[in-house]
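K.L.:
Going down the list, the sequences are from chains R and G.
With this note's numbering applied, the first sequence covers 1 to 420.
With this note's numbering applied, the second sequence covers 1 to 107.
Here it is, the structure in full.
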Amino acid sequence: MAAPAVVVVGAGQAGVETAAALRGRGFTGRITLIGDEPPWAGYRPPLSKGYLAGAAPAEDMALRPASFFAERDIEIRVGDRATSVDPERRTVTLRSGLRVPYDRLVLATGSRPRQLPVPGASLGGVLTLRSRADADELRARLSDPPRRLVVVGAGFIGLEVAATARGLGHEVTVVDVQRRALARALTPVLSSRVVAEHRAHGVRVLLGREVTALHGDTEGQVQIMELDGGERIAADLAVIGVGVLPHTDLALTADLMVGDGIVVDERLRTSDPDIYALGDCARFPSPRAGRHLRIESVQNASDQAKCVAAGICDEPFAYTSVPWFWSEQYGLRMQLAGLTAGHDEVVTSGDVEGGRFSVFSFRAGRLIGVESVNRPADHGISRRLLASDTTLTPDEVRAPGFDLKKLPRTSPTERVAVRT
Amino acid sequence: MAKITYQHPNGTVTVVDVEAPNTVMRGAKLNNVDGIEAQCGGSAQCGTCHVYVDEASTVVLPEMDPVEDDVLYGTACERTEHSRLSCQLPVTEALDGLLVHLPEAQS
Numbered sequence: 001m002a003a004p005a006v007v008v009v010g011a012g013q014a015g016v017e018t019a020a021a022l023r024g025r026g027f028t029g030r031i032t033l034i035g036d037e038p039p040w041a042g043y044r045p046p047l048s049k050g051y052l053a054g055a056a057p058a059e060d061m062a063l064r065p066a067s068f069f070a071e072r073d074i075e076i077r078v079g080d081r082a083t084s085v086d087p088e089r090r091t092v093t094l095r096s097g098l099r100v101p102y103d104r105l106v107l108a109t110g111s112r113p114r115q116l117p118v119p120g121a122s123l124g125g126v127l128t129l130r131s132r133a134d135a136d137e138l139r140a141r142l143s144d145p146p147r148r149l150v151v152v153g154a155g156f157i158g159l160e161v162a163a164t165a166r167g168l169g170h171e172v173t174v175v176d177v178q179r180r181a182l183a184r185a186l187t188p189v190l191s192s193r194v195v196a197e198h199r200a201h202g203v204r205v206l207l208g209r210e211v212t213a214l215h216g217d218t219e220g221q222v223q224i225m226e227l228d229g230g231e232r233i234a235a236d237l238a239v240i241g242v243g244v245l246p247h248t249d250l251a252l253t254a255d256l257m258v259g260d261g262i263v264v265d266e267r268l269r270t271s272d273p274d275i276y277a278l279g280d281c282a283r284f285p286s287p288r289a290g291r292h293l294r295i296e297s298v299q300n301a302s303d304q305a306k307c308v309a310a311g312i313c314d315e316p317f318a319y320t321s322v323p324w325f326w327s328e329q330y331g332l333r334m335q336l337a338g339l340t341a342g343h344d345e346v347v348t349s350g351d352v353e354g355g356r357f358s359v360f361s362f363r364a365g366r367l368i369g370v371e372s373v374n375r376p377a378d379h380g381i382s383r384r385l386l387a388s389d390t391t392l393t394p395d396e397v398r399a400p401g402f403d404l405k406k407l408p409r410t411s412p413t414e415r416v417a418v419r420t
Numbered sequence: 001m002a003k004i005t006y007q008h009p010n011g012t013v014t015v016v017d018v019e020a021p022n023t024v025m026r027g028a029k030l031n032n033v034d035g036i037e038a039q040c041g042g043s044a045q046c047g048t049c050h051v052y053v054d055e056a057s058t059v060v061l062p063e064m065d066p067v068e069d070d071v072l073y074g075t076a077c078e079r080t081e082h083s084r085l086s087c088q089l090p091v092t093e094a095l096d097g098l099l100v101h102l103p104e105a106q107s
């Protein structure tokens, strides 16, 4: 039987790496990559860090060079958005009217920033950060100092933008309705340490406060941020970092099961077995979390791409990778391994004040996640521990002289060992 | 510019010319050499651009800094005395003729 024709919708990290992983496995069928943005421009992590600060060059944003797609015989269609899927005829229809047939369809449609549901959210100078164009606009507005920047949302994007803008000399206020920063992602130990660092650098961090409105000047540019209780904060610029919404419209045209993301099984197949979904837009069953999750990270997109490619090549893999993530703010290298939600015990090792420590999270005595600050060895070893059956107990971490580097090396029992 | 050779686990080699100011990691990415993931884009966070410098190599490499040393604890394949992070090897004329071996897996 001839190799199937694969259409990948979305040319970000997840889509590009799926195409790359298919060719990496020797897949010989036709591959078509459809995207809004050209696939050589989609690497996002520097957008809130080095690129925003003007330090990282635009070339650092390339996921793969343009030559990659020609060399690997991957057909690219950019700027012609996919508008609907007909699962019976197995075709994707594009805005131009073109119908592209598929045997296997891969939805890597990503996500978009959530807007702030308050009056004034569409004023000029109220920005979100997702694309290179967003970063360029923010960078241009921050090149004219000093500005009064308000950041709504103390998540990773909001705090990285705050740190970068503060580093450029702007006056920065961060507001979050939660009582602690990064509440969904981090343990309280690390979130308070991060907030302390922001405050030490002169950022005003207001937690447990709600933004009720943004007010503009006569030209429609943001001027004031209003908080619950009526407090008004002067603002020349507002960045909204209150999470993302997965792109599910296309999945809905195919009648796929959707609910905070496109619902997939452990092999990343949607409710139609010929259609896969991965990356930011996919809600998958996580054996680690014991529930369905969506994860927005480079690691998740890259590792899921290998799993989808394996599935299409009829070499079934379940997605069991250890999630990991990093952030960098004021020289604090934060690295997260595993998932800490649902922990019932936390043990900290190292010097929290001095900014060199790791936080080990346990559930029922079992290690579930490790947050490391300026301890890259702890991070790397923790990723291996979490992927293996090796146990680490809270008492071991508490013991005097505890050092992960002294543990015997483990090998992951399950690994998506597919090279791209 | 330096000529860098990447040897894959199956023995095949890819030889590319890499210009400064790229790194050995970037040289692989720019030339579509498989086997280096570099998920973090070259910021010494992830350990997925791990290479083994050829044992017989006489090319003088920059000293390893403590961060690179620490990140190498997390590589998917065994670390050896020849292990380096290719994102921490800036390409200069001095690297001309470097041969690196790619590990079986990066993640």
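Positions of the beta carbon are idealized from the N, C-alpha and C atoms, including for glycine.
Bear in mind the structure is a predicted one, so any value in this text is a computation, not a measurement.
1. Considering only the alpha carbon of each residue, which of R:Tyr51, R:Ala387, R:Phe69 lies closest to Val16 of chain R?
2. Roughly how many whole angstroms lie between the Cα atoms of Ala19 of chain R and Ala105 of chain G?
3. Using a Cβ-Cβ distance under 9 angstroms, would Val85 of chain R count as near chain G?
4. When DSSP labels each residue in this structure, what does Arg139 of chain R get in the three-state scheme?
5. Is it the case that the segment 103-120 of chain R contacts the segment 316-336 of chain R, given that we only count it when at least three CB pairs across the two stretches are under 8 angstroms?
6. Would you tell me roughly how many angstroms separate the C-alpha atoms of Thr32 of chain R and Gln223 of chain R, rounded to the nearest one?
7. Can you pull the chain G neighbours of Lys406 of chain R, defined as C-beta to C-beta under 7 angstroms?
8. Measure the alpha-carbon distance for Ala38 of chain G versus Val24 of chain G and round it to whole angstroms.
9. Helix or strand or just coil, what does DSSP make of Glu414 of chain R?
10. Using a Cβ-Cβ cut-off of 9 angstroms, state whether Glu71 of chain R counts as contacting chain G.
11. Give a yes or no on whether the minimum CB-CB distance between Glu414 of chain R and chain G is below 9 angstroms.
12. Please state whether the Cβ-Cβ distance between Arg30 of chain R and Val6 of chain R is less than 9 angstroms.
13. Is the CB of Asp65 of chain G under 9 angstroms away from at least one CB in chain R?
14. Buried or exposed: where does Pro66 of chain G fall if 16 or more other Cβ atoms within 10 Å of its Cβ makes it buried?
15. Leaving out five residues on either side along the sequence, give the residues of the same chain with a beta carbon under 7 angstroms from the beta carbon of Asp272 of chain R.
16. Can you round the beta-carbon distance between Arg84 of chain G and Val53 of chain G to whole angstroms, since I take them to be within the 8 angstroms contact cut?
17. Going by the CB atoms, is the gap between Lys405 of chain R and Tyr73 of chain G shorter than 9 angstroms?
18. Give me the Cα-Cα distance between Leu407 of chain R and Ala235 of chain R, rounded to the nearest whole angstrom.
19. So, are the CB atoms of Val298 of chain R and Pro45 of chain R less than 9 angstroms apart?
20. Could you work out which residues of chain G lie near Ala377 of chain R, taking near to mean beta carbons separated by less than 9 angstroms?
21. Of the choices R:Met334, R:His198, R:Ile262, whose alpha-carbon is the least far from that of Leu207 of chain R?
22. Just checking: is the beta-carbon of Val16 of chain G within a distance shorter than 9 angstroms of some beta-carbon in chain R?
23. Closer than 8 angstroms between beta carbons: that is the criterion. Which residues of the segment 297-309 of chain R meet it against chain G?
24. Within the continuous beta strand (DSSP E) that includes His292 of chain R, where are the two ends?
P.N.:
Reading from the atomic positions:
1. When each option's Cα is compared against that of Val16 of chain R, the closest is R:Phe69.
2. Here the alpha carbons of Ala105 of chain G and Ala19 of chain R stand approximately 19 angstroms from one another.
3. With 9 angstroms as the cut-off, Val85 of chain R does not count as an interface residue toward chain G.
4. Correct three-state label for Arg139 of chain R: helix.
5. The segment 316-336 of chain R makes no contact with the segment 103-120 of chain R; the number of CB pairs closer than 8 angstroms stays below 3.
6. One C-alpha to the other measures close to 46 angstroms.
7. Those do not exist, as Lys406 of chain R stays about 11 angstroms from chain G at its closest Cβ, beyond 7 angstroms.
8. Roughly 11 angstroms separates the two Cα atoms.
9. Per-residue confidence for Glu414 of chain R stands at a pLDDT of 41, beneath the threshold of 50, marking its modelled position as unreliable; no derived number is given.
10. For Glu71 of chain R, at least one C-beta of chain G is nearer than 9 angstroms to its own C-beta.
11. Residue confidence is low: Glu414 of chain R scores 41 on pLDDT, short of 50, so the model does not pin down where it sits. Its coordinate-derived value is still stated next. False, the Cβ-Cβ gap to chain G never drops below 9 angstroms.
12. A distance below 9 angstroms separates the beta carbons of Arg30 of chain R and Val6 of chain R.
13. It does not: the Cβ of Asp65 of chain G has no partner Cβ on chain R nearer than 9 angstroms.
14. It counts as exposed.
15. Answer for Asp272 of chain R: Pro87, Ala254, Leu256, listed in chain order.
16. Rounded, the Cβ-Cβ distance is 6 angstroms, consistent with contact.
17. The answer is yes: Cβ separation under 9 angstroms.
18. One C-alpha to the other measures close to 51 angstroms.
19. Inclusion of Val298 of chain R and Pro45 of chain R in the CB contact set at 9 angstroms is warranted, their separation being smaller than that value.
20. The answer, in chain order, is Asp69, Asp70, Val71, Leu72, Tyr73, Gly74.
21. Of the listed residues, the one whose Cα sits closest to Leu207 of chain R is R:His198.
22. Taking 9 angstroms as the CB threshold, Val16 of chain G stays off the interface with chain R.
23. Within the segment 297-309 of chain R, the residues whose Cβ lies closer than 8 angstroms to some Cβ of chain G are Val298, Gln299, Ser302, Asp303, listed in chain order.
24. From DSSP, the beta strand (DSSP E) with His292 of chain R extends over 291-293.
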